[in-house]
Amino acid sequence: MDLCIDIETAAHPDAAQYLPPATPRKGTKDPDKQAAQIEEKEAALLAGAALDPDLCRIVCLGWDDGISGASLTCRDEGEERAALVSFWTIWTNRLEGIAPRIVGYNVKAFDIPILFRRSLALGVRPSLTTSATHRYRMDIVVDLLEVLSGGNPAHWRSLGFYLKRYGLAPEDPISGAQIPDLVEAGDWDAIRAHNAADLSATIALAKWAGEWRGAV
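Each residue of the sequence shown is one higher than the one before, starting from 0 at the first, in numbering that gives the first Met the number 0.
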């Protein structure tokens, strides 16, 4: 039985100190404009940190096999550590099954590297070795982004594109880009709902693409 996984991330509270210094655009003389440009660049850098394995933290970790699953919110590093322990336990149990596979969308380049890196940072032992996280060595992982693009980056499309184009799942009013703001607002119910919606949508896409070996 396949296991679909998905994570939501935000910038780590310490991320700002590791970002490059923001500078105004060349030729800008007005101090107010310079300050505004610096603030804009700092915001963009911090937004990028939410996607960086070394500068982000996991705020929701979810999995679903089509029958049961979980979307665990991580309000702090203690909850993040507990969620990772639970996830790797599930992963290990899957590896002991018959023809186990992990399914996700952009999971090789995003979810798995972050799961691995955050595990190392929090002292959690992952069920993978460092070399196994290399995207070309993840034999048990089905990345639907690669499957549907034929492995050609020029043909990459978003998960939302396929869902809308083929009517596979209702549109989620929340996007991944909104997650950091929801964390800031403390709206953990919305974060959990978005993660659960992404899991359901990814399974629907996997079924449509003929890449789901679930029980249903």
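The beta carbon of each residue, even a glycine, is placed where N, CA and C say it ideally should be. Values in this document were obtained by computation on a predicted structure and should not be read as measured data.
In the three-state reduction of the DSSP assignment, Gly175 falls in the helix class, which pools H, G and I. Measuring C-alpha to C-alpha distances from Phe115 to each of Asp29, Asn194, Asp53 identifies Asp53 as the nearest. Closest option to Val58, judged by alpha-carbon separation, among Pro23, Ile66, Ala49: Ala49. Distance from the CA of Glu78 to the CA of Thr27, rounded to the nearest whole angstrom, comes to 45 Å.
The beta-carbon separation of Ser70 and Gly61, rounded to 4 Å, stays under the 8 Å limit for a contact. Beta-carbon to beta-carbon, Ser118 and Trp90 are separated by about 11 Å, too far to satisfy the 8 Å threshold.
DSSP, reduced to helix, strand and coil, places Glu38 within a helical segment of the structure shown. The alpha-carbon separation between Trp155 and Leu144 amounts to approximately 7 Å. Under a 10 Å Cβ-count criterion, Gly185 is classified as exposed, with fewer than 16 other Cβ atoms of the shown protein chains found around its own Cβ. Distance check between Ile4 and each of Lys40, Ile202, Leu181, Gln177 places Ile202 closest, using alpha-carbon atoms only. Residue pairing by DSSP places Ile6 opposite Leu60 in a beta bridge. A Cβ-Cβ contact shorter than 8 Å links Leu2 with Asp64.
Out of Arg80, Asp110, Ser148, Gly150, the CA that lies nearest to the CA of Arg124 is found in Arg80. In this structure Tyr17 is exposed. Its beta-carbon is surrounded by fewer than 16 other beta-carbon atoms within 10 angstroms. Rounded to the nearest angstrom, the gap between the Cα atoms of Arg212 and Arg100 is 8 Å.
DSSP places Ile139 in the coil class of the three-state scheme, outside both helix and strand. When rounded, the separation of the alpha-carbon atoms in Lys107 and Lys32 is 40 Å. Counted as a single uninterrupted DSSP element, the beta strand (DSSP E) harbouring Ala69 occupies residues 68 to 72. Taking the Cα of Pro112 as reference, the smallest distance to any Cα among Leu83, Gly175, Glu39 is reached at Leu83. Shown here for Tyr165: same chain residues with a beta carbon closer than 8 Å to its own, the five before and five after excluded, namely Trp207 in chain order. Contiguous alpha helix (DSSP H) elements confined to the segment 83 to 121 occur at 111 to 120, taking only those with 4 or more residues. At least 8 Å separates the beta-carbon of Arg56 from that of Thr22.
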